[in-house]
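Right, one structure below, let's go through it.
2 protein chains.
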Amino acid sequence: MTPQRVTLITLGVRDLAAAREFYARLGWREHGESQPGIAFFQLQGSALALFDRAALAADQGRASAALGTGAMSLAQNFTSEAEVDQALSLALEAGGTLLKSPEKVFWGGYSGYWSDPDGHVWELAFNPFWPLARDGSLTLPEA
Amino acid sequence: MTPQRVTLITLGVRDLAAAREFYARLGWREHGESQPGIAFFQLQGSALALFDRAALAADQGRASAALGTGAMSLAQNFTSEAEVDQALSLALEAGGTLLKSPEKVFWGGYSGYWSDPDGHVWELAFNPFWPLARDGSLTLPEA
Numbered sequence: 001m002t003p004q005r006v007t008l009i010t011l012g013v014r015d016l017a018a019a020r021e022f023y024a025r026l027g028w029r030e031h032g033e034s035q036p037g038i039a040f041f042q043l044q045g046s047a048l049a050l051f052d053r054a055a056l057a058a059d060q061g062r063a064s065a066a067l068g069t070g071a072m073s074l075a076q077n078f079t080s081e082a083e084v085d086q087a088l089s090l091a092l093e094a095g096g097t098l099l100k101s102p103e104k105v106f107w108g109g110y111s112g113y114w115s116d117p118d119g120h121v122w123e124l125a126f127n128p129f130w131p132l133a134r135d136g137s138l139t140l141p142e143a
Numbered sequence: 144m145t146p147q148r149v150t151l152i153t154l155g156v157r158d159l160a161a162a163r164e165f166y167a168r169l170g171w172r173e174h175g176e177s178q179p180g181i182a183f184f185q186l187q188g189s190a191l192a193l194f195d196r197a198a199l200a201a202d203q204g205r206a207s208a209a210l211g212t213g214a215m216s217l218a219q220n221f222t223s224e225a226e227v228d229q230a231l232s233l234a235l236e237a238g239g240t241l242l243k244s245p246e247k248v249f250w251g252g253y254s255g256y257w258s259d260p261d262g263h264v265w266e267l268a269f270n271p272f273w274p275l276a277r278d279g280s281l282t283l284p285e286a
């Protein structure tokens, strides 16, 4: 079987310097593994990279492909509605685009969406049924 | 600052039943948190969901948006080239589409790409400079 594993999430971006500045405005710190052509950030158990979109298409073996965004969202969960609101404010101040203001949702939590300058979609959520570990990692609860 | 955190990766899919079957063929096991309208899988420190693409667009607050794929890749790293090859074989047997056969790459590793039936891009890689923990999680190495 293929392990249920995501080691690295790579976001293809139009302007790597601008994307680095955007994520820096969010307060993200690049890891020392970063190089001029790629930025790495440590997550909880995995990592995230920013990489030139055309270079990503070439790396995928389809240099001329037009890559699209939006059909995948990356959620950041928090431990309160106030934290969600704070994170959204910061994202919009940094230059993110509001997609949906946070609101109470049918599954019992609180959730909103924004997108980064390249159209990558981030969800901000508080899920009272999914407690986070102290390091921010998530283990889905047993029934 | 916004924490460097991805709690949940959600893939928007055209046919949720078909997507569930596809990931089951990869050997992935749904977590008990799954519901008829959404499938959850535990990762290392985070989780992955399969969710109807139109429902995802609506959830993002833009019900009529055409969501695109390809500008974000999800890498699975392994501890050898042989493991990469095995994982690719399984993905193609399950119905994945080959984008690039694994090959030695300039950064000193071994990498290939495939896409799932909805166009979500997976990279399979062996990076000798990034050892994985026993549970498959990644902590970027210090210089």
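Residue numbers (the working numbering), protein chains in the order written: chain L, 1 to 143; chain S, 144 to 286. In this text, a Cβ means the ideal position worked out from N, Cα and C, and glycines have one as well. Bear in mind the structure is a predicted one, so any value in this text is a computation, not a measurement.
Item to check | Positions along the stretch 207–236 of chain S whose CB lies within less than 7 Å of some CB in chain L | outcome: A208, L210, G211, T212, G213, A214, M215, S216, L217, A218, Q219, N220, A230, L233, A234
Checklist entry - How would you call L/F106, buried or exposed, if buried means at least 16 neighbouring beta carbons within 10 angstroms? => result Residue 106 of chain L sits at position 106 when you count from the first residue of the first sequence. Exposed: under 16 other Cβ atoms inside 10 Å.
Next on the checklist: Can you find the residues in the same chain that come closer than 6 Å, C-beta to C-beta, to S/E224, ignoring five residues on each side of it along the sequence?
Outcome noted: Along the second sequence, read from residue 1 onward, the residue named residue 224 of chain S stands at position 81. Excluding sequence neighbours, S/E224 sits near Y253, F269.
Checklist entry - Between the stretch 234–249 of chain S and the stretch 163–181 of chain S, do at least 3 Cβ pairs fall closer than 8 Å? => result yes
Next on the checklist: I'd like to know whether the C-beta atoms of L/A63 and L/A71 end up nearer to each other than 8 Å.
Outcome noted: Locating residue 63 of chain L in the first sequence gives position 63, where the first residue counts as 1. Locating residue 71 of chain L in the first sequence gives position 71, where the first residue counts as 1. Contact flag unset, no.
Next on the checklist: I'd like to know if S/K247 contacts chain L, where contact means its C-beta is closer than 8 Å to some C-beta of that chain.
Outcome noted: Within the second sequence, numbered from 1, the residue matching residue 247 of chain S stands at position 104. No, no contact with chain L.
Checklist entry - With 16 as the cutoff for other CB atoms within 10 Å, does S/A218 come out buried or exposed? => result Within the second sequence, the letter at position 75 stands for residue 218 of chain S. Under this definition S/A218 is a buried residue.
Checklist entry - From L/A54 to L/K100, what distance separates their C-alpha atoms? => result The residue given as residue 54 of chain L occupies position 54 in the first sequence. The residue given as residue 100 of chain L occupies position 100 in the first sequence. Approximately 29 Å between the Cα atoms of the pair.
Checklist entry - Near L/E33, what residues of its chain come up, given a Cβ to Cβ distance below 6 Å and the 5 sequence neighbours on each side ignored? => result Your numbering for residue 33 of chain L matches position 33 in the first sequence. Excluding sequence neighbours, L/E33 sits near F40.
Checklist entry - Run through DSSP, which three-state label would L/S101 get? => result As a first step, residue 101 of chain L must be located in the first sequence, where it is residue number 101. Strand, per DSSP.
Checklist entry - Leaving out five residues before and five after S/Q134 in sequence, what residues of the same chain have Cβ atoms less than 6 Å from its Cβ? => result Given that chain S is displayed from residue 144 to residue 286, the structure contains no residue 134 of chain S and the question cannot be resolved.
Checklist entry - Does any residue of chain S bring its CB to less than 8 Å from the CB of L/R20? => result In the first sequence, the residue the question calls residue 20 of chain L occupies position 20. Taking Cβ atoms only, chain S never reaches closer than 8 Å to L/R20, which makes this a no.
Checklist entry - Tell me, which residues are paired with L/D52 by DSSP? => result What you label residue 52 of chain L is simply residue 52 of the first sequence in a count that begins at 1. DSSP output for L/D52 lists L/V13 as bridge partner(s).
Item to check | Residue environment, L/R5, which counts as buried when at least 16 other CB atoms sit within 10 Å | outcome: Mapped onto the first sequence, residue 5 of chain L falls at position 5. Buried, because 16 or more other Cβ atoms sit within 10 Å of the Cβ of L/R5.
Next on the checklist: At a cut-off of 7 Å, would you count L/A94 as near the ligand NAP, judging by its Cβ distance to the nearest heavy atom?
Outcome noted: Looking at this structure, you won't find the ligand NAP or any other ligand, since it has none at all.
Checklist entry - At what residues does the beta strand (DSSP E) containing S/E266 begin and finish? => result The residue you call residue 266 of chain S lines up with position 123 of the second sequence. Its beta strand (DSSP E) spans residues 264–269.
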